[in-house]
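**Student:** Would you mind keeping the following structure in view while I ask a few things?
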Amino acid sequence: MATIQISSQPAEANAGKTLNPGLTLQQQLEPEPILYFAHAVLLDTAGNEVSGVLQGNKSATGMSAGGGLRYTFADLTITTPGQYYILVNIFRSANGATLLGNAKSNMITVV
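So the mapping is simple: my numbering equals the position in the sequence shown, first residue as 1, plus 54.
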């Protein structure tokens, strides 16, 4: 399985404001000429998915960078104060979507 790491994320955020820095992941693999994509979901501190609170484009396409792929979520917003994690699942799309792995952010405190 390919190594997936979060390379940038905020530790804190303001409710309703775009996350800064944006969430970025790096995946080390030798990409094939197919589509790689990622999808982000918001988790509470117990690990349960939180619906309707993470806004913006929750999907990103893998872009070639540094011997692997980079996924950038530049416009995510968390609308409600609290403490959260963002879980990102990465897929390859060849004859259907295949889950390659995931990465979970450090805790993000939203005020």
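Ideal Cβ placement from N, Cα and C applies to all residues, glycine included.
#1: Taking CB distances under 8 Å as the criterion, tell me whether Thr-152 reaches chain C.
#2: Which residue comes first and which comes last in the beta strand (DSSP E) that contains Asn-68?
#3: Would Leu-96 pass as a contact of Val-107 if the rule is Cβ separation under 8 Å?
#4: Buried or exposed for Gln-81, please, with buried defined as at least 16 other CB atoms from any protein chain shown within 10 angstroms of its CB.
#5: First and last residue of the beta strand (DSSP E) that includes Met-22?
**Tutor:** Let me lay it out:
#1: Here there is only one protein chain, and chain C is not present.
#2: No beta strand (DSSP E) contains Asn-68, which DSSP labels as neither H nor E.
#3: yes
#4: buried
#5: Since the first and last residues shown for the chain are 55 and 165, residue 22 lies out of range.
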